[in-house]
Amino acid sequence: MSIRVSDMFDLLWKPPRGPPGVKRRPLDKMLPENFKHFRNWGFTIYRTYYGAESDEHWNTLVNVLRHQTSLALGLLESEELREEDDEWMKRCDGDKSKWADKVNLIRKLFRLFPREDASLLDGMDIVGVREVCAKEHAEATEKMAGAFFKFALVVDEVVLKDVANGRFVIKAIDYDWNPLTSRGNPGWIQLFTGDLLALWGLLFAAHLMDTNKYMELVDRDTENDVWFANGFMPPFGDCSQVQIAKDDPLNTRFRVDP
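Each number in the working numbering comes from the position in the sequence shown (counting from 1) with 12 added on.
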């Protein structure tokens, strides 16, 4: 299964309520003048390490996550995924440019909400962050659609030192974790930064289908010690890999400017 743009539109759409007892014509969510009534979506990201030189790596990681997710969303414009969404003909009259506009709106609405507080979070473990997330859930609900997934991102010492060494991974925690339904998962996973959209899509799909999200979260890429994202979602990460260009004639994907 993939992420359907039409389903995302329905999730993000929050038109203003009219006066009680007064009926009025529903707003058309496909009209550009009504785009202001769509909500942001994304994740809160908690920083639990504040050591020397970690600010630079933290800023790099947040920027990479934003950029890679934006690139990954481009896959939703592909003909294959567009045609899988049977609502696109109905809502966009088969107009590809209208469809691209909808994807671009979703891209603009994506947010990461950084949570930095060394006095509270420095050195905190997964269990502690889970408790903080639960206390701040109401605030997350106000900020973004999809907060009811009850997943957040965690950036700890290991993650930031990996960034310093050119490895871009992130941790995601379930702060509504139930060990009885998690299929042995400890309530958190590690994933490549380019797979963040795949994680969000999986959580959304599990919500729509009313299935156990851990059916797919237990799959692991053991070689890289990360979640195996491509087992369920399209390869969004392939559209957004963080790679370093090398001045190598065998490198055909990237070129180094002279």
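Glycine included, each C-beta is placed from N, C-alpha and C at the ideal position.
To the nearest angstrom, how far is it from the Cα of PHE163 to the Cα of ILE185?
Position 151 of the sequence shown holds residue 163. Position 173 of the sequence shown holds residue 185. Taking the CA atoms as reference points, PHE163 sits about 6 Å from ILE185.
Please give the ranges of any beta strand (DSSP E) in the segment 115 to 175, keeping only runs that are unbroken, at least 3 residues long and fully inside the region.
122 to 127, 163 to 167
Report buried or exposed for THR56, applying the criterion of at least 16 other Cβ atoms within 10 angstroms of its Cβ.
In the sequence shown, counting from the first residue as 1, residue 56 sits at position 44. Per the 10 Å Cβ criterion, buried.
With a cut-off of 8 Å, do at least 3 Cβ pairs link the segment 167 to 178 to the segment 58 to 71?
yes
Measuring straight from C-alpha to C-alpha, what distance separates LYS102 and SER18?
Against the sequence shown, residue 102 aligns to sequence position 90. Against the sequence shown, residue 18 aligns to sequence position 6. Those two C-alpha atoms are separated by around 10 Å.
ASP233 in three-state terms, based on DSSP:
As a first step, residue 233 must be located in the sequence shown, where it is residue number 221. Strand, per DSSP.
Which residues in the same chain have their Cβ closer than 7 Å to the Cβ of PHE21, if we skip the five residues on either side of it in sequence?
Your numbering for residue 21 matches position 9 in the sequence shown. Closer than 7 Å at Cβ, skipping near neighbours: LYS41, LYS114.
Go ahead and pull the three-state DSSP assignment for ARG78.
Translated into positions along the sequence shown, residue 78 becomes position 66. DSSP places ARG78 in helix when its eight states are reduced to three.
Give the DSSP-derived three-state secondary structure of THR193 in the structure shown.
As a working mapping, residue 193 is identified with position 181 in the sequence shown. THR193 falls in the coil class under three-state DSSP.
CB PHE216 to CB ILE15, shorter than 9 Å?
The residue labelled residue 216 in the question sits at position 204 within the sequence shown. The residue labelled residue 15 in the question sits at position 3 within the sequence shown. A distance below 9 Å separates the beta carbons of PHE216 and ILE15.
Would you grab the beta carbon distance between LYS225 and GLN202 for me? Rounded to a whole angstrom, and I think it's under 8 Å.
Counting from 1 along the sequence shown, the entry for residue 225 is found at position 213. Counting from 1 along the sequence shown, the entry for residue 202 is found at position 190. 16 Å between Cβ atoms; not a contact.
How is GLY213 classed by DSSP in three states: helix, strand or coil?
Indexing the sequence shown from 1 puts residue 213 at position 201. Of the three classes helix, strand and coil, the one that applies to GLY213 here is helix, per DSSP.
Who are the near neighbours of TRP70 in its chain, counting only those whose CB is closer than 7 Å to its CB and skipping five residues on each side?
One-based indexing of the sequence shown puts residue 70 at position 58. Counting only Cβ-Cβ distances below 7 Å, and skipping sequence neighbours, we find ARG59, VAL167, LEU172.
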